[in-house]
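Number of protein chains: 2
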Amino acid sequence: MDSFTFQNPTKIIFGKGTIPQIGAEAKTYGTKGMLVYGRSSIKKSGVFDTVKKSCAGAGVKIVEFGGVRPNPVLSHTRKGIQLAKKEKVQFILGVGGGSVVDCSKAIAAGAKARGNVWDFFTGKAKMKDALPVLAVLTLPATSSEMNDATVITDDEETKQKIGFRDPALYPKVSILDPTTTYTVPLQYTAYAAVDVISHLIEGYFTCKDPWTPVQDRFTEGQVRTIIECYERIAKNPEDWQGRSTFMWAATIAWNGLVVAGVGAYGVPMHMLEHPLSALYDIAHGAGLAVVIPAWLSWAAKKDPSKMAQFAEAVFDIRSGSTAKKAAKGIAALKGWFNKIGSPTSFKAANIPGSDIPRIADNARELALVWGMKDYTKAVIEELYRLCL
Amino acid sequence: MDSFTFQNPTKIIFGKGTIPQIGAEAKTYGTKGMLVYGRSSIKKSGVFDTVKKSCAGAGVKIVEFGGVRPNPVLSHTRKGIQLAKKEKVQFILGVGGGSVVDCSKAIAAGAKARGNVWDFFTGKAKMKDALPVLAVLTLPATSSEMNDATVITDDEETKQKIGFRDPALYPKVSILDPTTTYTVPLQYTAYAAVDVISHLIEGYFTCKDPWTPVQDRFTEGQVRTIIECYERIAKNPEDWQGRSTFMWAATIAWNGLVVAGVGAYGVPMHMLEHPLSALYDIAHGAGLAVVIPAWLSWAAKKDPSKMAQFAEAVFDIRSGSTAKKAAKGIAALKGWFNKIGSPTSFKAANIPGSDIPRIADNARELALVWGMKDYTKAVIEELYRLCL
Numbered sequence: 001m002d003s004f005t006f007q008n009p010t011k012i013i014f015g016k017g018t019i020p021q022i023g024a025e026a027k028t029y030g031t032k033g034m035l036v037y038g039r040s041s042i043k044k045s046g047v048f049d050t051v052k053k054s055c056a057g058a059g060v061k062i063v064e065f066g067g068v069r070p071n072p073v074l075s076h077t078r079k080g081i082q083l084a085k086k087e088k089v090q091f092i093l094g095v096g097g098g099s100v101v102d103c104s105k106a107i108a109a110g111a112k113a114r115g116n117v118w119d120f121f122t123g124k125a126k127m128k129d130a131l132p133v134l135a136v137l138t139l140p141a142t143s144s145e146m147n148d149a150t151v152i153t154d155d156e157e158t159k160q161k162i163g164f165r166d167p168a169l170y171p172k173v174s175i176l177d178p179t180t181t182y183t184v185p186l187q188y189t190a191y192a193a194v195d196v197i198s199h200l201i202e203g204y205f206t207c208k209d210p211w212t213p214v215q216d217r218f219t220e221g222q223v224r225t226i227i228e229c230y231e232r233i234a235k236n237p238e239d240w241q242g243r244s245t246f247m248w249a250a251t252i253a254w255n256g257l258v259v260a261g262v263g264a265y266g267v268p269m270h271m272l273e274h275p276l277s278a279l280y281d282i283a284h285g286a287g288l289a290v291v292i293p294a295w296l297s298w299a300a301k302k303d304p305s306k307m308a309q310f311a312e313a314v315f316d317i318r319s320g321s322t323a324k325k326a327a328k329g330i331a332a333l334k335g336w337f338n339k340i341g342s343p344t345s346f347k348a349a350n351i352p353g354s355d356i357p358r359i360a361d362n363a364r365e366l367a368l369v370w371g372m373k374d375y376t377k378a379v380i381e382e383l384y385r386l387c388l
Numbered sequence: 389m390d391s392f393t394f395q396n397p398t399k400i401i402f403g404k405g406t407i408p409q410i411g412a413e414a415k416t417y418g419t420k421g422m423l424v425y426g427r428s429s430i431k432k433s434g435v436f437d438t439v440k441k442s443c444a445g446a447g448v449k450i451v452e453f454g455g456v457r458p459n460p461v462l463s464h465t466r467k468g469i470q471l472a473k474k475e476k477v478q479f480i481l482g483v484g485g486g487s488v489v490d491c492s493k494a495i496a497a498g499a500k501a502r503g504n505v506w507d508f509f510t511g512k513a514k515m516k517d518a519l520p521v522l523a524v525l526t527l528p529a530t531s532s533e534m535n536d537a538t539v540i541t542d543d544e545e546t547k548q549k550i551g552f553r554d555p556a557l558y559p560k561v562s563i564l565d566p567t568t569t570y571t572v573p574l575q576y577t578a579y580a581a582v583d584v585i586s587h588l589i590e591g592y593f594t595c596k597d598p599w600t601p602v603q604d605r606f607t608e609g610q611v612r613t614i615i616e617c618y619e620r621i622a623k624n625p626e627d628w629q630g631r632s633t634f635m636w637a638a639t640i641a642w643n644g645l646v647v648a649g650v651g652a653y654g655v656p657m658h659m660l661e662h663p664l665s666a667l668y669d670i671a672h673g674a675g676l677a678v679v680i681p682a683w684l685s686w687a688a689k690k691d692p693s694k695m696a697q698f699a700e701a702v703f704d705i706r707s708g709s710t711a712k713k714a715a716k717g718i719a720a721l722k723g724w725f726n727k728i729g730s731p732t733s734f735k736a737a738n739i740p741g742s743d744i745p746r747i748a749d750n751a752r753e754l755a756l757v758w759g760m761k762d763y764t765k766a767v768i769e770e771l772y773r774l775c776l
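Those protein sequences? They're chains A and B, same order as listed. The opening position of the first sequence corresponds to residue 1 in the working numbering, with each subsequent residue numbered one higher. The opening position of the second sequence corresponds to residue 389 in the working numbering, with each subsequent residue numbered one higher.
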């Protein structure tokens, strides 16, 4: 265990039929807010109307801002910021998945800033304040509904996909109704599962502390749970237990708890993935399924012990040498990614191997922004070659 | 999974040398506060002086209120409330273990109330507001440093030991420096371990939901971790890993997370224990070690499946029938309690069996306050007889 500060003030309202509570919750933060959303799915499902009706009932005016796409982009975020400023909204309410919540946070930050919101992402400027963010989640994966992070892709210039954190970005309230996820297509659920697993394992595999059983067992247990949830959902998309447990497990996978006390850690899998979804606009979870097995193999070559521990705890792999157990564990995880239809190679994800230098340049920029200097361009290229 | 609302806003500052941060944190809540503490141990250790110096440096005046004992009592709490009102303090800072933090919360609640603070415990009145509570923890066990509960014993009249909860009782800030626990005697650490385990298993064994893997694995993993930490501490009281991991595991064992989503649950082990520490002034953890094996045996007779799951996950008991595994698991836990010097029977705790009717009356009162009506006096007496 290492020193840390932990504070996560987000109020979670979880359960079937909870969305009509949003109006009363929003009212606490003002009488005019901006409803940020993606495409038509929340209109089809009725969530959009439920939210608007609840807000109207509470006397809260709503300015609509739709069109957030997966891997949300800077140019669209800027439009949201303009609108938020023009309409003088008092809070931002994201209704959708992690991309919508991330975009809502970026708008909330930009709406209180004079300068360029992108400077917060690159670290050129420090965010000072943000509008309150609220969320109604309909696609669990990123934990954005219960953390202080936002990830946006610069579609204007650099093609960088970068995240930044600030305590003011914790949503004040997030409403999670698992029944809204019944209609999430199975492939999206699979990508979400990969994303959640990635959040659980970044700190697990990169921290230097030799004894972190609180965090290790949390990770190992939650990875098993996510796999079990997916299997239930694959059999029955409306399985309450699978959907509700997936939703909560996803939320607490990256809300700060799993890395509290592990000391310094890196996020190499996210660093390697961001360029893939930024440059090729693939799903974040798909990109992660490509890079995770490669990074794990690379890391296990140096020291297979943690991977062997993971293999035993998650896949019940108990026999063989440490190196053998590690190899079997990586194969098991990669096999499961394949089984659920996630690509595990550049080839499967339709990413040309000849692009590696360009992708590595993008990743190297991110490695520098995120303080992972050891990931030189040569190391990053080596890692991408393992993805071929 | 079931519906729930979860919000835990406590800021945790964890690590070696963190106590001097208390002045700056306290300053946020006012310039005059009451320092609540127990006996001389924090003076001997230097924590008392560190806290006072830090507060003085931040321009925060401190009114001292010492003398909180384990199983804190109402009469002493009332004195603290009087002093807090008289001195018009703006916050309450508890420095010590769970008893001190619990007493601080009760004082914080009483200082803002006109009526009888005990009415909040019995449910006769609803708390409306409380002074901000801060904590510097030196003995981890109760999670009071990161939850909204307080437990006090009525030493004036009823001899009832009752807890109540209110969101305003979450400490604003809790500072946890594991090195302050290096001098905690091993027997206290053992009782603390039993207490932490009790917090982890109440919801686990009493919830009706058939599928709660997020919460189950959290419980199972943390119980294993607590046992491992104790073993490290028994070998070396200044083992950083053992002490720090114990401290954090204890804090998150009863901060709301482990029961979020399990639906309705009871706290029968605490209901059975409170009369023991209230009437015989034994350590709470010692009383728990007496009642836990008895309650588990009683519950496993009705349905051994969850106990068998626990036995496998915590003690690697994999062979035999479900009932057999459950029995082995209970024996393993009871054996461990004995090994660490905790009493596991009335006899070992010097509680006369002839007192059972009187103890059961006390427990029954508590069962009614806490909404566990099924625990009739007859059932409670049966359970206590299993403790003989």
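The beta carbon of each residue, even a glycine, is placed where N, CA and C say it ideally should be.
Boundaries of the alpha helix (DSSP H) around F606(B): 601–623.
If you ignore the 5 residues before and after A674(B), its C-beta comes within less than 7 Å of the C-beta of Y579, S730, P731, A737, all in its own chain and listed in chain order.
Residues of chain B whose Cβ lies closer than 8 Å to the Cβ of K11(A) are, in chain order, T393, F394, Q395. Using a CB distance cut-off of 9 Å, T18(A) counts as an interface residue toward chain B. In terms of beta-carbon proximity, L645(B) lines the interface with chain A, with at least one pair separated by less than 9 Å. With a cutoff of 9 Å on beta-carbon distance, P573(B) and L522(B) are scored as not near each other. If you check the CB distance, K53(A) and P20(A) come in under 9 Å. For F479(B), the three-state secondary structure derived from DSSP is strand. When Cβ-Cβ separations below 9 Å define contact, E382(A) makes no contact with chain B. DSSP places S174(A) within a strand segment (E or B) once states are collapsed to three. Along the length of the region 48–96 of chain A, whole alpha helix (DSSP H) runs at least 4 residues long occupy 74–87, reported in chain order. Judged by DSSP in its simplified three-state form, I351(A) adopts coil rather than helix or strand. Along the region 634–658 of chain B, the positions whose C-beta sits under 9 Å from a C-beta of chain A are M635, W636, A637, I640, L645, A648, G649, read in chain order. Between the C-alpha atoms of A313(A) and P237(A) there is a straight-line separation of about 27 Å. Taking each of I747(B), G609(B), K596(B), K473(B) in turn and checking the Cα distance to D691(B), the smallest one comes out for K596(B). With respect to the 9 Å criterion, K420(B) and V477(B) are classified as neighbours on the basis of their beta carbons. The alpha-carbon separation between D704(B) and L664(B) amounts to approximately 32 Å. In the structure shown, the three-state DSSP call for V267(A) is coil. Looking from the CA of D507(B), the closest CA among I480(B), S532(B), G482(B), G551(B) belongs to G551(B).
Between V602(B) and F698(B), the gap from beta carbon to beta carbon reaches 9 Å or more.
M422(B) has V451(B), I480(B) as its beta-bridge partners, per DSSP. In terms of beta-carbon proximity, G609(B) lines the interface with chain A, with at least one pair separated by less than 9 Å. Of all residues in the region 70–95 of chain A, none is placed with a Cβ closer than 9 Å to any Cβ belonging to chain B. The alpha carbon of D565(B) has as its nearest neighbour, out of A720(B), D517(B), T526(B), the alpha carbon of T526(B).
Boundaries of the alpha helix (DSSP H) around F509(B): 506–510. For the pair of segments examined, the region 239–258 of chain A was found to touch the region 195–203 of chain A: the number of CB pairs separated by less than 8 Å reaches three. In the three-state reduction of the DSSP assignment, N338(A) falls in the helix class. Under a 10 Å Cβ-count criterion, E64(A) is classified as exposed, with fewer than 16 other Cβ atoms of the shown protein chains found around its own Cβ. Against chain B, the beta carbon of S244(A) has neighbours under 7 Å at M389, listed in chain order. For Q697(B), the enclosing alpha helix (DSSP H) has its first and last residue at 693–703.
Interface flag for E228(A) against chain B is set, since a Cβ pair is found closer than 9 Å. One alpha carbon belongs to T376(A), the other to Y653(B), and they sit about 52 Å apart. DSSP places F6(A) within a strand segment (E or B) once states are collapsed to three. Cβ neighbours of K105(A) within its own chain (closer than 6 Å, five residues either side excluded): V133, T150, L169. The contact set of G403(B) on chain A, defined by CB atoms closer than 8 Å, consists of D2, S3, F4 in chain order. Contact holds between the region 398–413 of chain B and the region 2–17 of chain A, because three or more Cβ pairs, one in each stretch, are under 8 Å apart.
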